[in-house]
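Just so you know, the sequences run in chain order A and B. Residues in the first sequence are numbered consecutively from 1, following full-length UniProt numbering. Residues in the second sequence are numbered consecutively from 1, following full-length UniProt numbering. In this text, a Cβ means the ideal position worked out from N, Cα and C, and glycines have one as well.
Protein chains: 2
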Amino acid sequence: MINTRLAIGIHILAFVECVPEKDSINSEIVSESIGTNAVVVRRMSSALKKAGLLKSVSIKKGLMLAKKPENITLYEILKAVDPSNDLFIVHQKVNPQCTYGHSIVKVIENEFRFLQFELEENLKKKTLHDIMKKVVNN
Amino acid sequence: MINTRLAIGIHILAFVECVPEKDSINSEIVSESIGTNAVVVRRMSSALKKAGLLKSVSIKKGLMLAKKPENITLYEILKAVDPSNDLFIVHQKVNPQCTYGHSIVKVIENEFRFLQFELEENLKKKTLHDIMKKVVNN
DNA sequence: ATTTACTGTAACTATTATTGTTACAGTAAA
DNA sequence: TTTACTGTAACAATAATAGTTACAGTAAAT
């Protein structure tokens with residue numbers, strides 16, 4: 001993992017939701033809050049749209065959530081913005097003649113799958129709404 | 001994260017433990033099983049020694065575990081071999097004038113700390129022995 | 001219809017992390 | 001005092017991440 005995509009995905013969605021309905025939200029405005037390039041935001045929001053979490057109503061109004069924040073989990077956001085999310089990876093050049101090495105790699109892979117599963121369960125338990133209600137906006 | 005260090009750390013320790021006592025184990029032999037360079041193994045085993053998980057008895061005998069496999073958790077191995085293990089990271093260039101952005105980053109950081117904590121609890125529950133007993137060695 | 005404002009995406013660059021490699025000083029022990 | 005190994009510095013290769021420019025495509029306002 002070790003990238004900022006989940007954090008930026010959350011930031012985009014929460015920001016879009018917190019802005020008053022009358023105001024228009026484009027990639028430029030969101031990118032200024034995040035402190036990145038508008039294209040980075042467009043890349044991410046494009047992915048969030050494909051995942052059914054975000055939509056644009058019209059050019060004027062710009063971005064809006066496609067689901068209620070209560071129904072958007074961190075898991076969905078992660079899967080939307082990060083295609084290749086492995087928690088841990090295993091070395092892949094193990095000596096094929098070493099039976100012990102060959103077997104332990106399988107065991108480690110299995111253990112890593114479990115750890116990833118547990119992480120994903122925790123990500124499924126938290127929604128965008130849970131995050132948003134903790135934000136102090138003044 | 002997204003590196004193979006935890007996997008290689010586990011591989012080194014398990015390999016060292018599984019080799020019959022009479023045999024000598026040096027970095028060259030371990031690296032051949034893992035399929036990497038001996039220096040990579042020396043770097044890792046140096047870190048594992050500093051963490052009190054591995055030791056060398058003598059030049060002739062080479063590497064040995066410094067603790068029983070039952071008492072070595074995956075958490076200890078990870079912390080030994082991976083100095084900068086962040087599960088997720090947050091974008092750090094948030095616009096300081098955007099109060100919402102400023103606040104949500106704190107909330108996200110807090111959430112990520114929780115996720116990391118939960119992962120580490122799972123890593124603490126699993127020992128090297130748990131891994132080793134699942135390995136098929138024939 | 002034409003202009004305007006924006007998005008989506010390709011293509012490239014910059015930066016950084018990870019792993020592999022060479023080289024060699026230091027050390028234990030035969 | 002030679003031998004066998006480790007620890008570590010220093011550098012190279014590769015790959016991932018993020019930033020940037022550029023532009024075709026599209027919706028909608030004039």
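How about residue i: is its C-beta nearer than 7 Å to some C-beta of chain B?
i: residue 133/A; result: no
i: residue 95/A; result: yes
i: residue 89/A; result: yes
i: residue 120/A; result: no
i: residue 115/A; result: yes
i: residue 38/A; result: no
i: residue 104/A; result: yes
What does residue i pair with, by DSSP beta-bridge criteria?
i: residue 127/B; result: 73/B
i: residue 55/B; result: 64/B
i: residue 25/A; result: 62/A
Is the shortest distance between the beta-carbon of residue i and the beta-carbons of chain A less than 7 Å?
i: residue 62/B; result: no
i: residue 25/B; result: no
Could you work out which residues of chain A lie near residue i, taking near to mean beta carbons separated by less than 7 Å?
i: residue 107/B; result: 131, 134 and 135
i: residue 14/B; result: 104
At a CB-CB cut-off below 8 Å, which residues of chain A make contact with residue i?
i: residue 33/B; result: 94, 95, 98, 100 and 101
i: residue 80/B; result: None at all; the shortest Cβ gap to chain A is about 15 Å.
Shortest alpha-carbon distance to residue i belongs to which of the options?
i: residue 102/B; options: 11/A, 6/A and 4/A; result: 11/A
i: residue 114/B; options: 122/A, 132/A and 79/A; result: 122/A
i: residue 54/A; options: 17/A, 60/A and 65/A; result: 65/A
i: residue 26/B; options: 106/B, 62/B and 105/B; result: 62/B
i: residue 23/B; options: 59/B, 95/B, 135/B and 96/B; result: 59/B
i: residue 84/B; options: 96/B, 116/B, 111/B and 16/B; result: 116/B
i: residue 67/B; options: 17/B, 100/B and 111/B; result: 17/B
i: residue 29/B; options: 124/A, 97/A, 120/A and 13/A; result: 97/A
i: residue 43/B; options: 134/B, 5/B and 14/B; result: 5/B
Residue i touches chain B at which residues, Cβ-Cβ below 7 Å?
i: residue 140/A; result: This structure leaves residue 140/A out entirely; chain A is present only between 1 and 138.
i: residue 6/A; result: 88
Cβ closer than 9 Å: which chain B residues qualify as neighbours of residue i?
i: residue 111/A; result: 10, 74, 126, 130, 131 and 134
Report the neighbours of residue i on chain B: residues whose CB is nearer than 8 Å to its CB, in chain order.
i: residue 86/A; result: 2
Taking 6 Å as the cut-off, is the beta-carbon of residue i closer than that to any non-hydrogen atom of the ligand ADP?
i: residue 14/B; result: Looking for the ligand ADP in the displayed structure turns up nothing, as the structure carries no ligands at all.
Could you check whether the stretch 19-35 of chain B touches the stretch 87-101 of chain A, counting it as contact only if at least three pairs of C-beta atoms, one from each stretch, sit closer than 8 Å? Result yes; three or more Cβ-Cβ pairs closer than 8 Å.
Is it a yes or a no for the stretch 71-80 of chain B touching the stretch 112-128 of chain B, going by three-plus beta-carbon pairs under 8 Å? yes
Quick check: the stretch 78-89 of chain A against the stretch 46-54 of chain A, are at least 3 beta-carbon pairs closer than 8 Å? yes
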